[in-house]
Structures are given as C-alpha cells and as structure tokens.
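Going down the list, the protein sequences come from chains A and B.
Quick note: the first sequence uses the numbering used here, first residue 1, plus one each step.
Quick note: the second sequence uses the numbering used here, first residue 289, plus one each step.
Yeah, the Cβ is synthetic: ideal placement off N, Cα and C, and Gly gets one too.
On a predicted model such as this, the values are computed, not experimentally measured, just so you know.
Please read the structure below before turning to the comments.
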Amino acid sequence: MLIINHIMDGVVIGSSYVLIALGVTLIFGIVDVVQIAHGEVYMLGAFLTLFLVNSLHFNYVLSIVISMAILAVFGVILEEGVFRWLRGRPHLPVILAAFGLSMFLANGTLLLLGGESYAIKSPLREQMVDLGFYLINAQRLLVVVVSAGLTVCLFLFINKTRLGMAMRAITQDRDAAELVGVDPNKIFMAAFAVASALAAAAGGLVGPVFLVNSAIGFMPFLKSFVVVLFGGIGSVIGSIVGGLTLGVMETLAAAYVSTEYKDAVAFALLIVVLLFKPSGLFGRKTSS
Amino acid sequence: MRLMRRDKYNKWLPLLVIVLLAMVPVVVRDAYVLHLFIVSSIFAILVMGLNIITGFTGPLSFVHIGFFGISAYASALLVLKRGWSFWLSWPAGIAMALLFGLVIGLLALRIVDRLLFSVVTIGFGEIIRMVLHNWEGLTRGSSGLPGIPVPNPIPLLDVGVINFESKTTYYFLVVLVALLAYGLVVRIKRSQMGIAFFAIRENETLASAVGIHTYRIKLVAFLLSALYAGVAGGLYAHYARFLGPDLFTIEASMDLLVMLILGGIGTSLGPVFGAVVLTVLPEYLRVVADYRLVIYGAVLTITVILLPQGVLGGLLVYLAARRERAYEEPAGRAAQSISELPSQSEGQGKS
C-alpha cells in the first residue's frame, strides 16, 4: 500500500509539472524563447492566490481564476516588454535576458514579501475523499483533476479554435502563416497569456499542498524544461507523460533512495535524454 | 601596418600596468581596499575562464561555478583532512576541476545545440552543488568548512620567508596569477586555437565543414575554462578561509554572467573590467547590497537588450567607429578585438 501512496504523491507533483511544462513548451514551440522566468510566473500565481484567499478571504476556486487572469496579462507584459525586443537574436542572449528576468522577479518578491513560507488556506486541505480503493486528500485530488481538465482545455484550444490553429500555423511555417494574414505578434502574446495562466493555476493548486515562498519558482521551471525535452518539444502528450513520469520517479527516489538527492533525478534524466534521445519521446523535430 | 602599431602599444602598456599593480600595496594603506583588489583578481580569473568557453567559443556554461567549487573544496579538504601543503593541494584542486571538466565536457559537448547544452550544464552545476550540500561526511554540508589555513610560507634561502598571513603577500600571489592568466588569454586569442574558437562561435556547422574538429576544439576550450575555475577556486578557498555550498549556487552563476556580459563578452579585457567593477561597486553602495540580485537581474536583461557587446565592448565599438571616421580607415584594433567576424579578420591579419 505504501508504494501506492508514493505513486499518488508523484502524480500530484507531476500534475503541477505538466501544467508548467505545457506553458514552457507552448512558449518555446511558438515564440522560440526559453522562458526561464516561467517558474517565477508560477510563483507569483501562488502568491496572488495566497493573498486573495488568506488575506481577502475570497473563495478558493475564484481566487485561482482571478490569479490566472491577472498572470495572463502579466505574461503579455513580459512578452511585450522584454522578449519582443529580442526577436531574431540568437538563443544565448535570449536565455541570458530570461535568466536576468527570473532573478529579478524572484529576488524582487523576496525583498517585498520577505523569505517566509506560507500555505494557502484551501477549504479542501483537511478533507479526504474515498475513491473506493484508495483514500485521498481532497486538495491533492483537486490538483490532479483540475490539471487534467486544463490540459484537455488546452488540447481543444490548440486543435479546435481559430487562434489555436493560427498558433500551430506559426510553428509550422511562419512566412506562410503571415501571408494568409496571421499576425505573429498577436499569436506570441496569446501564447504568453495562455502559458502564464496555466502556470498561475499550477501555483494556486499546489500552494495549499506545498509551501509558497519567493524561491519556489526556479526548480519547477528547470524540471518542467526537463519534462519538455523528455517528452519532446511542442508535444502536449509528451509533456503529460514526461511530467507524470518525472513526478513519480522523484517521489519514489525520495522514498527509496535519498530525500536529499530527489532533485537530482530530474537532472540525471535530463542528461540521459539529451545524450541518447535529444528529440524526446514524442518529439517530431530534432534539435538543429 | 596594423600589427606594427599594436606592437608599439604592447611594449610599454603591460609594463606600466605591472608597475602600477606592484605599487598598489605601497600606495594603498587601507587593508580593505587591498581586500577588494584580491577578491576582484580572483573573480577576474574565474570570469576569464568563463569567457573562453562562452565568449570565445560560444556555448553558455552554467557549470563553471561548479568547477570553481570543486577545486575550492578539494584544496581545502586536502589541507584540512590530509594535512597537505597548499602548494600541493592547489594543483590537486585544479586537477580535480580538470577531471570533472573532462568528464562533463565529453558528455555535454556532444550536444551541438547551444540552448540544450546550457540547460544540461545547469543540470550538472546543480548536481555538483547538491553533492557539496548533502555529502555531510565530507563537506560538512550547509554548516560549511571553517578554518581553512592560508598558504604555507615559502622559505627564501637564508633571507627569510614569504608569509601569506599578510594581505600584501596574498595580493602579490593573486595578481601574479591573474596577470599570467590574462597573458594566456591574450595568447590564446591570437593563436590558431583562438581562431578556431571564434569560427565555432560564429558558425559551428561551417567551422566543421572547413575541417575544424569542433568537438575536440570545444573540449579544449571547456577544459581551459575549467583550468581557470580551478586556479581561482584554490586561491579563493585559502583567502576566504571559509567555504559553504551557498557560494556555488545558480545565483553565483548569475554574478559571473553579469560580470562577463557587463564587462564585454568575447573581449580579453572585458572579464577583468566586469569582475573589478562588480566587486567594488556593491561594496561602496551599501544601500544597494540587499537589492544586488534584483539589480543584477534587471541589468543583465537590459544590457542584453540594449548593449549586446557589454559596457566596455560597446565603448570599444563606439571608439572604433569614431576612429574609423577620423582616419577613414577600416575598423581599427578595438573593433577587431570585439571580432564581429574574427575568423575572417584575424585570418587576414596573419597572412
């Protein structure tokens, strides 16, 4: 029974990786930017939900929706304020700029809000749900269910809506897409908005389970980037499989190998993937 | 013609710099200022190393600070636990950095994509930091290693000993090493090897097509950078006399990158300039100390957007453009040292 507990924990953590990784892969696939500060967007989403729930006593679910909306706007601001100016530049300066942005946001939050950790007071934290075969904490179940729901929404959005189709068109052939009237700037803004909203959702969902502080952003970004490379750049299925696999592997490693080196699992996976299968599990395009 | 003018400069300029640097401890009576000189010089060596792989050759390495940490810890532990002399433990620490550089380089440099390479080096860097942090039995984990001794005194025949208890002697040691390190950078830059580095930076596929063994050359650059990190690591450990794993985090990588970018990436002097300015400036702007990483983050982002060649690099380009206008000759020495097209212009210079 114990191993089921660990696997369920892994699925909960993995779900948050999936949500963050979907955003990273969306921005990487469409805008061709490695959004290192995406982890900080997740962190800000968690803080915003924390503020709305703990201080203003808003409804928990409503708070997540509000923070998703606000962070979506924030994502657009990042794209317009920073990454737009780096368009056409090689990867190196873009990584550096994103890295600087990430440090700016994380340390700015640290200065403004201090280094303390908080837990979002979700009403579901104390409740348990009986799945028949397994008793699970309601908050953890919510993380998995909402993540799955958002992933399905993203999938439908990309495949069924005009904006989603325009996004795919941009990734496939930018010139041709522009010729038929797709404005890349609008698409890039949309990609940042959607990705940032997903990260904010992840922050709000996981905030009651794990603690919220200014430093929680970088590791999830790094891990979600590992997930993206593991699953294959631009692949939604890849992100889902990769995120859940990494989450489960980590909790199992923490339980049976060593808690201290649990974070090393992601990097070991990263190194193995990049050395032996650089295109990832479900990747179509190989790295140039 | 151009070469001759460069030689004329080169005759007196390095000598002047050496004399000025030698006079610093005589003129400067303030131990704190001397301390800043020492720390800047150590960081200058470290950033020069980063510049060789990232500035000259192209791949952005986040594991550089890890090599620095490995060498610092190795040297400190050999002295503390095995009772080695600094003069043996320092080279041993450098050897450790080179060994890790070789293993990591052999694996990671197979990844040609710059972006993926840099992410993998974040992974290796974090693993190194995690091991330093969690291997309590060896490194004492987060409580750190206190009481690292200064280098052993060197006896001079009958005259006395060179004692490293004083800041002045440590200053001479560090500055001497930094000067040698700088000299090597300048030599590398003008060598065939340097030209190969630049060729890889500008276009790796093309470089490989014209017969450059890109993998091997990149490995050489990576090892050279590890060498610099190793040299700086031992010097740091036995000067600071305390090591903790927090010194080798991703934030520390950030410091190095800001020094490199702000100073001027790919130039010889840029890393020195960046290291000195960013060591001295925060010390004198005490108010700013808390805001350091916030400001660095903003500065890095803004510099990358507005001044792709860094502050010193941007200045050199500006001066070169002015000189060009004044003399109506092709872009001069400064522009060449920025080396927009190093393989081409350096190649012409040689022939």
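### Contact set between B/Y584 and chain A, taken where Cβ atoms lie within less than 7 Å
As a first step, residue 584 of chain B is located in the second sequence; it is residue number 296 there, counting from the start. Correct list: M103.
### Task
Could you work out which residues of chain B lie near A/N107, taking near to mean beta carbons separated by less than 7 Å?
Here residue 107 of chain A corresponds to residue number 107 of the first sequence, with the count starting at 1. Ordered by position in chain B, the residues that pass the 7 Å Cβ test against A/N107 are L581, V582 and G585.
### Ordered list of beta strand (DSSP E) runs contained in the stretch 124-205 of chain A, each at least 3 residues
As summarised for the stretch 124-205 of chain A, the continuous beta strand (DSSP E) elements at least 3 residues long and confined to that stretch are 128-130 and 135-137, given in chain order.
### Query
At least one CB of chain A closer than 7 Å to the CB of B/I415: is that the case?
Along the second sequence, one-based indexing puts residue 415 of chain B at 127. Interface residue, yes.
#### Entry: Under 7 Å by beta carbon: chain B residues contacting A/L222
Counting from one through the first sequence, the residue named residue 222 of chain A turns up at place 222. The contacting residues are I410.
#### Entry: Range covered by the alpha helix (DSSP H) that runs through B/H474
As a first step, residue 474 of chain B is located in the second sequence; it is residue number 186 there, counting from the start. The question names His, but residue 474 of chain B is Val in the sequence shown. Looking at the DSSP string, the run of the alpha helix (DSSP H) that includes B/V474 is K455 to R478.
### Task
Measure the beta-carbon distance from A/V212 to A/L50 and round it to whole angstroms, keeping in mind my assumption that it falls under 8 Å.
Looking up residue 212 of chain A in the first sequence gives position 212. Looking up residue 50 of chain A in the first sequence gives position 50. At roughly 5 Å, the Cβ-Cβ gap stays under 8 Å, so A/V212 and A/L50 are in contact.
### As assigned by DSSP and simplified to three states, the class of B/G522
Counting from one through the second sequence, the residue named residue 522 of chain B turns up at place 234. Here B/G522 sits in helix by DSSP.
### Query
Helix, strand or coil for A/V212 per DSSP?
As a working note, residue 212 of chain A is residue 212 in the first sequence. Reduced to three states, the DSSP call for A/V212 is strand.
### Query
Given 8 Å as the limit, is there contact between the stretch 312-325 of chain B and the stretch 550-562 of chain B, that is, 3 or more CB pairs closer than that?
no
### Query
In terms of residues, what are the limits of the beta strand (DSSP E) holding A/L101?
As a working mapping, residue 101 of chain A is identified with position 101 in the first sequence. Careful: A/L101 lies outside any beta strand (DSSP E), inside the alpha helix (DSSP H) at H91 to L113.
### Task
Locate the alpha helix (DSSP H) running through B/P559, then write down its first and last residues.
Locating residue 559 of chain B in the second sequence gives position 271, counting from the first residue. First-last of the alpha helix (DSSP H) with B/P559: G558 to Y572.
### Message
Let's test the definition: count the other Cβ atoms within 10 Å of the Cβ of B/D446 and tell me whether it reaches 16, buried, or not, exposed.
### Response
If you number the second sequence from 1, residue 446 of chain B lands on position 158. It is exposed - the Cβ of B/D446 has fewer than 16 other Cβ atoms within 10 Å.
### Message
Within the continuous beta strand (DSSP E) that includes A/L86, where are the two ends?
### Response
Position 86 of the first sequence, counted from the start, is the residue given in the question as residue 86 of chain A. Looking at the DSSP string, A/L86 is not in any beta strand (DSSP E), and its letter there is neither H nor E.
### Query
For A/M43, which residues from the same chain have a beta carbon less than 6 Å from its beta carbon, with the 5 sequence-adjacent residues on both sides left out?
Taking the first residue of the first sequence as 1, we reach residue 43 of chain A at position 43. For A/M43, where only same-chain residues beyond five positions count, the Cβ hits under 6 Å are I216 and G217.
### Query
Does the beta carbon of B/R580 fall short of 6 Å from some heavy atom of the ligand GDP?
The ligand GDP is absent from the structure shown, which contains no ligands of any kind.
### Query
Cβ of B/M547 less than 7 Å from any chain A Cβ?
Your numbering for residue 547 of chain B matches position 259 in the second sequence. With 7 Å as the cut-off, B/M547 does not count as an interface residue toward chain A.
### Message
Can you confirm whether A/L281, when its beta carbon is compared against all beta carbons of chain B, has any partner nearer than 7 Å?
### Response
To locate residue 281 of chain A, count along the first sequence from 1; it is residue 281. Closer than 7 Å: no.
#### Entry: Buried versus exposed call for A/G127 [16 or more other C-beta atoms within 10 Å across all chains shown]
As a first step, residue 127 of chain A is located in the first sequence; it is residue number 127 there, counting from the start. First, the residue type needs correcting, since residue 127 of chain A is Gln and not Gly in the sequence shown. With fewer than 16 other Cβ atoms within 10 Å, it is exposed.
### Message
Just to confirm the assignment: which complete alpha helix (DSSP H) runs, minimum length 4, are found wholly within the stretch 311-368 of chain B?
### Response
319-338
### Query
Is the stretch 465-485 of chain B touching the stretch 339-347 of chain B, taking contact as three or more C-beta pairs under 8 Å?
yes
### Task
Report yes or no: do the stretch 190-206 of chain A and the stretch 143-150 of chain A share at least 3 C-beta pairs separated by less than 8 Å?
As far as the Cβ criterion goes, the stretch 190-206 of chain A touches the stretch 143-150 of chain A, which means the pair count is three or higher.
### Query
CB B/Y459 to CB B/L324, shorter than 7 Å?
Residue mapping note: residue 459 of chain B aligns to position 171 of the second sequence, counting from 1. Residue mapping note: residue 324 of chain B aligns to position 36 of the second sequence, counting from 1. No. Outside cutoff.
### Query
With a cut-off of 7 Å, does the C-beta of A/A253 fall near any C-beta of chain B?
Taking the first sequence and counting its residues from 1, the one referred to as residue 253 of chain A is at position 253. No, no contact with chain B.
### the stretch 302-322 of chain B: positions lying closer than 8 Å to chain A by Cβ
none
### Task
Determine whether the Cβ of B/N422 lies closer than 7 Å to any Cβ atom of chain A.
Translated into the one-based positions of the second sequence, residue 422 of chain B becomes position 134. Yes - at least one Cβ of chain A is within 7 Å of the one on B/N422.
### Message
Which residues does DSSP list as the beta-bridge partners of B/G448?
### Response
What you label residue 448 of chain B is simply residue 160 of the second sequence in a count that begins at 1. Per DSSP, B/L444.
### Message
Taking beta-carbon pairs under 9 Å, can you tell me which members of the stretch 587-609 of chain B lie near chain A?
### Response
V587, L588, T589, I590, T591, V592, I593, L594 and P596
### Outcome for A/K223 when other beta-carbon atoms lying within 10 angstroms are tallied against a minimum of 16
Numbered from 1 along the first sequence, position 223 holds the residue referred to as residue 223 of chain A. Result: buried.
### Message
Out of B/L390, B/Y516, B/S556 and B/L569, which one is the CA nearest neighbour of B/L507?
### Response
Within the second sequence, residue 507 of chain B is the residue found at index 219, counting from 1. Looking at the Cα atoms, B/L390 is the closest of the given residues.
### Task
Specify whether the stretch 522-533 of chain B and the stretch 346-365 of chain B touch according to this definition: at least 3 beta carbon pairs, one from each stretch, less than 8 Å apart.
The stretch 522-533 of chain B vs the stretch 346-365 of chain B: in contact.
### Message
Only counting the same chain, and skipping five residues up and downstream in sequence, which positions put a Cβ closer than 6 Å to that of A/I13?
### Response
To locate residue 13 of chain A, count along the first sequence from 1; it is residue 13. Annotation for A/I13: G247 place their beta carbon closer than 6 Å to its own, counting only its chain and skipping 5 residues before and after.
### Query
Taking the continuous alpha helix (DSSP H) assigned at B/E414, which residues delimit it?
Here residue 414 of chain B is taken as the residue at index 126 of the second sequence, counted from 1. Residues R402 to N422.
### Query
How would you list, in chain order, the residues of chain B whose beta-carbon sits under 7 Å from the beta-carbon of A/Y300?
A question about residue 300 of chain A goes unanswered here, because the residues of chain A that appear run from 1 up to 288.
### Backbone secondary structure at A/S288 - three-state DSSP
Along the first sequence, read from residue 1 onward, the residue named residue 288 of chain A stands at position 288. Because the pLDDT of A/S288 is 38, which lies under 50, any placement of that residue in the model is unreliable, and the question is left without a value.
### Query
Using a beta-carbon distance below 7 Å, is B/L399 in contact with chain A?
In the second sequence, residue 399 of chain B corresponds to position 111, counting from 1. In the sequence under discussion, the amino acid at residue 399 of chain B is Ile, which differs from the Leu named in the question. For B/I399, at least one C-beta of chain A is nearer than 7 Å to its own C-beta.
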